[in-house]
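Add 30 to a position in the sequence shown, counting from 1, and you land on the number used in the numbering used here. Just so you know, even glycine gets a beta-carbon here, dropped at the ideal spot from N, CA and C.
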Amino acid sequence: MRPQSIDQVVGQEHLLQPGSPLSRLLAREKGAPPALILYGPPGSGKTTLALLLASGRRFRQLSAVSAGIKDVRDEIEGARYQLSQRGTETILFIDEVHRFNKAQQDALLPAVEDKIVTLIAATTENPSFSIITPLLSRSLVVRLNPLANNHAQELIERALNSEFGLNKSAKISEDAKQELVRLAHGDARRLLTYLEAATGAAVDGVITRESVSAAADRALVDFNVDLHYDIISAFIKSVRGSDVDAAIHYLLRAIEGGEDLRFLARRLMILASEDIGMADSQALVVTTAAAQAIALVGAPEAYYTLVHATVYCAVAPKSNAVA
């Protein structure tokens, strides 16, 4: 169901009007930006837009979750060869670019400046805080909105009727449609996943509200969301309670669950002032330094930095006094 052309994109009209920077990039007109940052929530169409913008050009993709600086340099060298030997332009798409540290982002700068690649980076984090200034100043930042309710309903109809979707294999009641829209929370990917699952649970070829609720398995989704917050809560409570072993246990569980290291560092910085405070002012210095180290070093080396800061805060005396 991924759109094959720009006219099939549902929503984001503010980005796709004639004469907009994105339309110039699609048409390969002069004045197209050398780098594009797609900023929006999950399921808002960032990857889809990147693929459409790359149509007819060499497309390479990296995930900042798993890629290192060597992967970045290898892709740039491959793009340089393609451009010099074959005249082929390369679109380099980096998903979750906010997870790249400063050194990894710095490695992209020469290729962007020399137009070796056209960089398209996707992020769910505010670029003003997650992207280094030199790269940000060379990029056009495009904000994608969550899927509006009317667009979500349009997407449901298109998915049900398209030969590339469910090909009219089921009908849907109005209340079931409303339930799908509610459960998706503006996330197109989640919406289509739930719709496909609900089709399999349809009774006599009709998707009902009950089949949507069952197929979406809300209990599991809510459990995963709650589990995320439970782990973070347990982590902070363990540090606050000076239980070093438990604090490290929950820290590692959060990391294994894919938690953003900067978020964990920010929570420790808050705890250093709220729960340790004047009893050991050095805790704020340690946690702030840890946050800076994470931005500079990145994973996996930054895991040691987080453990260091966690242990320091856990063993530090606690006080909420302000003087």
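Check: Bridge-paired residues (DSSP) for valine 171; Outcome: Ile67
Check: Helix, strand or coil at threonine 318 according to DSSP, with G and I counted as helix; Outcome: helix
Check: Residue interval of the alpha helix (DSSP H) (run including aspartate 101); Outcome: 99-111
Check: Burial state of threonine 163, where buried means 16 or more other Cβ atoms lie within 10 Å; Outcome: exposed
Check: Outcome for leucine 326 when other beta-carbon atoms lying within 10 angstroms are tallied against a minimum of 16; Outcome: exposed
Check: Collapsed DSSP secondary structure at alanine 284 in the structure displayed; Outcome: helix
Check: Separation of aspartate 305 from arginine 168, as counted between CA atoms; Outcome: 41 Å
Check: DSSP state of alanine 353 mapped onto helix, strand, coil; Outcome: Bear in mind that a pLDDT of 48 at alanine 353, under 50, signals an unreliable position, so the number given afterwards is only what the model happens to contain. It is coil, neither helix nor strand.
Check: Residue environment, asparagine 131, which counts as buried when at least 16 other CB atoms sit within 10 Å; Outcome: buried
Check: Residues of its chain near phenylalanine 123, where Cβ-Cβ distance is below 6 Å and the 5 sequence neighbours each way are ignored; Outcome: Ala80, Gln91, Ile150
Check: Beta-carbon separation (whole angstroms), valine 171 vs proline 157, contact threshold 8 Å; Outcome: 5 Å
Check: CB contact flag (leucine 185, leucine 213, <9 Å); Outcome: no
Check: Residue nearest to serine 160 in terms of C-alpha spacing, selected from Ser303, Ala246, Ala321, Leu113; Outcome: Ala321
Check: DSSP state of glutamine 42 mapped onto helix, strand, coil; Outcome: coil
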